[in-house]
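J.:
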Amino acid sequence: MSSRNRKNTGSMSNKFGYEFPEPKKGKMILFAGQEALASHFMRKFKKELEGEGREVVELSELSSPIQLQEALGMGLFSSSKLVILKNLQDVKFDFSKILREFLKSNSNVICLATADSKFLRTRAAKELEASGCEIARYPQPDNYLSRREMIKKLFEREGGAIDPKAATLLERSVEDCSLIVGFCLQLLSDAHGPITERDVFAVTGLPPKLTAFDAAKKALEGDRTSLGDLEAVLSGGESPIAVIGALDYKLREQCLKGENALPQDVWARSFSLLSRANLALTSSSPQEGVSLIYEMLMGVCEGARCQKKR
2 MSSRNRKNTG SMSNKFGYEF PEPKKGKMIL FAGQEALASH FMRKFKKELE
52 GEGREVVELS ELSSPIQLQE ALGMGLFSSS KLVILKNLQD VKFDFSKILR
102 EFLKSNSNVI CLATADSKFL RTRAAKELEA SGCEIARYPQ PDNYLSRREM
152 IKKLFEREGG AIDPKAATLL ERSVEDCSLI VGFCLQLLSD AHGPITERDV
202 FAVTGLPPKL TAFDAAKKAL EGDRTSLGDL EAVLSGGESP IAVIGALDYK
252 LREQCLKGEN ALPQDVWARS FSLLSRANLA LTSSSPQEGV SLIYEMLMGV
302 CEGARCQKKR
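Residues 2 to 311 (the working numbering) make up the sequence shown, in order.
In structure tokens:
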């Protein structure tokens with residue numbers, strides 16, 4: 002497959018964004034990556050194809066090569082056929098050759114399949130793509146902002162709307178990305194207008210989770226409880242590297258506003274400490290890196306308090 006085709010079907014995401022792929026019709030389409038998203042969009046694609054009068058064969062488990070070969074054969078009641086294969090990563094036998102031969106055939110059969118993110122790194126996935134399989138990639142969002150962007154774009158794709166504060170509440174209330182997608186789909190199905198914070202709380206029943214953004218915001222206001230928030234974020238399992246990224250983003254955002262929240266020397270020292278913390282965490286001194294994060298946040302907090310007194 003050409004690089005141009007990969008660009009169309011691969012989900013393009015950057016550090017703070019999230020884009021959904023636009024899968025094209027083909028003989029075989031693999032929906033892979035974040036499980037809830039891949040399954041949802043595979044079902045939508047299936048619904049479109051079912052309207053073309055195809056016989057549908059859906060296999061949640063594949064136990065043998067013969068079962069797969071029979072499923073990919075001509076339909077009993079129609080000359081066209083739609084085959085659904087779920088969780089290719091769990092198949093125990095070598096199915097790659099069978100699917101590659103299917104992709105070269107002239108049969109009027111279409112195959113839709115799902116797989117997890119790890120499967121995309123396998124030789125089988127690369128061979129299928131090289132043989133003409135379209136791959137729609139749904140990566141796991143790797144930080145707060147890309148999670149929030151995923152929520153926003155999902156609502157846009159499904160013709161709904163969500164208030165930015167509601168999106169933030171949902172992203173902070175739920176850790177598991179599959180649960181976030183499930184809540185989004187539930188909110189979309191029940192919606193009679195833009196989704197609000199009240200709607201999100203009614204569906205999740207959970208209070209928002211503390212993040213490094215919260216700690217940075219408090220520190221910039223001179224609130225010493227920001228250190229306790231930082232401790233809660235780290236003890237809750239958040240990666241120190243991810244915390245550095247969030248703190249750096251929040252500080253740069255505030256710095257660019259030019260509101261003089263901190264003295265100039267505190268801005269410079271804060272970014273220097275974050276840089277040293279990142280270096281320590283990526284070398285052999287993780288504890289030193291965490292200590293530098295605390296030192297930076299304490300300095301921001303005290304700098305903000307001094308600035309207020311001027």
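In this text, a Cβ means the ideal position worked out from N, Cα and C, and glycines have one as well.
Using the DSSP secondary-structure output, state which residues sit across from Met29 in a beta bridge.
T.: Indexing the sequence shown from 1 puts residue 29 at position 28. Beta-bridge pairing links Met29 to Cys112.
J.: Run through DSSP, which three-state label would Asn83 get?
T.: If you number the sequence shown from 1, residue 83 lands on position 82. Note that residue 83 is Leu in the sequence shown here, rather than Asn. The answer is strand: DSSP assigns Leu83 an E or B state.
J.: Restricting to Cα atoms, I'd like to know which of Leu298, Lys48, Asn279, Leu282 is closest to Ser271.
T.: Counting from one through the sequence shown, the residue named residue 271 turns up at place 270. Checking every option, the nearest Cα to that of Ser271 belongs to Leu298.
J.: Buried or exposed: which applies to Gly11, given that a residue is buried once 16 or more other Cβ atoms fall within 10 Å of its Cβ?
T.: Start at 1 with the first residue of the sequence shown, and residue 11 comes out as number 10. Note that Gly11 scores 47 on pLDDT, short of 50, meaning its location in the model is unreliable; the coordinates nonetheless yield the value given after this. Buried: at least 16 other Cβ atoms inside 10 Å.
J.: Measuring only the C-alpha atoms, how far is Ala137 from Ala33?
T.: Taking the sequence shown and counting its residues from 1, the one referred to as residue 137 is at position 136. Taking the sequence shown and counting its residues from 1, the one referred to as residue 33 is at position 32. So the two alpha carbons sit approximately 6 Å from each other.
J.: To the nearest angstrom, how far is the alpha carbon of Lys218 from that of Ile242?
T.: Walking along the sequence shown from the start, residue 218 turns up at place 217. Walking along the sequence shown from the start, residue 242 turns up at place 241. Distance between the alpha carbons of Lys218 and Ile242: 18 Å.
J.: Where does Arg138 fall in DSSP's three states?
T.: Here residue 138 refers to the residue found at position 137 of the sequence shown. DSSP places Arg138 in strand when its eight states are reduced to three.
J.: Can Ala116 and Asn88 be called in contact, C-beta distance under 8 Å?
T.: The residue given as residue 116 occupies position 115 in the sequence shown. The residue given as residue 88 occupies position 87 in the sequence shown. Yes, they are a contact pair.
J.: Work out the CA separation of Leu180 and Gln90 for me, nearest whole Å.
T.: To locate residue 90, count along the sequence shown from 1; it is residue 89. To locate residue 180, count along the sequence shown from 1; it is residue 179. One C-alpha to the other measures close to 21 Å.
J.: With which residues is Leu60 paired in a DSSP beta bridge?
T.: In the sequence shown, the residue the question calls residue 60 occupies position 59. Note: Leu60 sits in a beta bridge opposite Leu86.
J.: Could you tell me whether the segment 153-163 touches the segment 54-71, where touching means 3 or more Cβ pairs closer than 8 Å?
T.: These segments do not touch.
J.: Would the beta-carbon of Val204 fall within 8 Å of that of His41?
T.: Looking up residue 204 in the sequence shown gives position 203. Looking up residue 41 in the sequence shown gives position 40. Cβ atoms of Val204 and His41: not closer than 8 Å.
J.: For the alpha helix (DSSP H) containing Asn279, name the first residue and the last one.
T.: On the sequence shown, residue 279 is found 278 positions in, with the first residue counted as 1. Taken as a continuous stretch (DSSP letters only), the alpha helix (DSSP H) holding Asn279 covers 265-282.
J.: With Arg149 and Ala168 assumed to form a contact (beta carbons below 8 Å), what rounded beta-carbon distance in angstroms separates them?
T.: Stepping through the sequence shown from its first residue, residue 149 is reached at position 148. Stepping through the sequence shown from its first residue, residue 168 is reached at position 167. So it is a contact: roughly 5 Å between Cβ atoms.
J.: Within the same chain, show all residues whose beta-carbon is closer than 7 Å to that of Asn6, passing over the 5 residues directly before and after it, in chain order.
T.: The sequence position of residue 6 within the sequence shown is 5, counting from 1. Caution applies to Asn6, whose pLDDT of 42 falls short of 50 and renders its modelled position unreliable; the value that the coordinates give is listed next. Excluding sequence neighbours, Asn6 sits near nothing in its chain.
J.: Does the pairing of the segment 210-226 with the segment 187-195 give three or more beta-carbon distances under 8 Å?
T.: The answer is no - the segment 187-195 does not touch the segment 210-226, with fewer than three Cβ pairs under 8 Å.
J.: With Ser190 as the anchor, note down where its alpha helix (DSSP H) starts and where it stops.
T.: If you number the sequence shown from 1, residue 190 lands on position 189. Per DSSP, Ser190 belongs to the alpha helix (DSSP H) from 178-191.
J.: Between the Cα of Glu312 and the Cα atoms of Phe103, Leu73, Ser147, Phe46, which residue gives the shortest distance?
T.: Coverage of the chain is limited to positions 2 through 311, which leaves residue 312 absent and any answer about it impossible.
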